[in-house]
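The structure appears right after this line, and notes come after that.
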Amino acid sequence: GRGRGAAGGGGGGSGGGGGGESSPLPQVLRLSLAEGTALSWLRWPLLASMRVSVPAARRPSFMVCFGDLTGARRKMRMENRYLGYVCLVDPSGVVRWHVHSSEPPTEAATEALRALLPR
1 GRGRGAAGGG GGGSGGGGGG ESSPLPQVLR LSLAEGTALS WLRWPLLASM
51 RVSVPAARRP SFMVCFGDLT GARRKMRMEN RYLGYVCLVD PSGVVRWHVH
101 SSEPPTEAAT EALRALLPR
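In terms of our numbering, the sequence shown opens at residue 1 and continues consecutively.
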């Protein structure tokens, strides 16, 4: 079945500070999709390896999902499982910006993203 594991323990937190803010501050969450039966069988050794390889500062925001994630990838338009993906998701869970590549983003892509962030 499908499951999640944190490579360093803990989630990301809300990102906002309360106090009547209209939207929470953006936060970076990293997600590794470990698909396939063989990877599910190797869940605990993989998590242990990731705990060692992921820098301590990134562990609270690094999550791993195991199992068949075909439906989730399809919904997020993540057709190529070998590329990295970046999504800007609003507090309601709506994907507002999406890019995938093995290259760093262009200046135009960075400016488009910057325009979507709360000020």
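Backbone N, C-alpha and C fix where the C-beta goes; we use that ideal spot for every residue, glycine too.
Would you decide whether residue i is buried or exposed? Buried here means 16 or more other CB atoms lie within 10 Å of its CB.
i: A115; result: exposed
i: L69; result: buried
i: A121; result: Because the chain here runs from 1 to 119, residue 121 falls outside it and cannot be looked at.
i: G15; result: With a pLDDT of 37 at G15, under the threshold of 50, the modelled position of this residue cannot be trusted; read the value that follows with caution. Exposed: under 16 other Cβ atoms inside 10 Å.
Using only the heavy atoms of the ligand FAD, determine whether one of them is closer than 8 Å to the beta carbon of residue i.
i: S61; result: With respect to the ligand FAD, the structure shown offers nothing to examine, as it has no ligands at all.
What residues in its chain sit with their C-beta under 6 Å from that of residue i, if we drop five residues either side in the sequence?
i: G12; result: In this prediction, G12 has a pLDDT of 35, which is less than 50 and means its spatial position is unreliable; what the coordinates show is noted afterwards. Once the five neighbours on either side are set aside, the close Cβ partners of G12 are Q27, L29 and S61.
i: L31; result: M63
To which residues of the same chain is residue i closer than 7 Å at the C-beta, ignoring the five residues directly before and after it?
i: V126; result: No information on residue 126 is available, as it lies outside the stretch 1 to 119 that the chain covers here.
i: L117; result: P26
Tell me where the beta strand (DSSP E) around residue i begins and ends.
i: V52; result: Counting along the chain, V52 falls outside any beta strand (DSSP E), though it belongs to the alpha helix (DSSP H) covering R43 to S53.
Residue range of the alpha helix (DSSP H) that residue i falls in?
i: G71; result: T70 to K75
i: L113; result: E107 to L116
From the DSSP secondary-structure annotation, give me the bridge partner or partners of residue i.
i: A34; result: F66
i: G84; result: S101
i: V95; result: V89
Figure out for me which residue from the options has the closest Cα to the Cα of residue i.
i: S49; options: V64, E35 and T37; result: V64
i: V132; options: L113, P45 and Y82; result: What is shown of the chain runs 1 to 119, which leaves residue 132 out entirely.
i: Y82; options: S101, S92 and V52; result: S101
Leaving aside the five residues before and after residue i along the sequence, list all residues of the same chain whose C-beta is less than 8 Å from its C-beta, in chain order.
i: V95; result: M76, C87, L88 and V89
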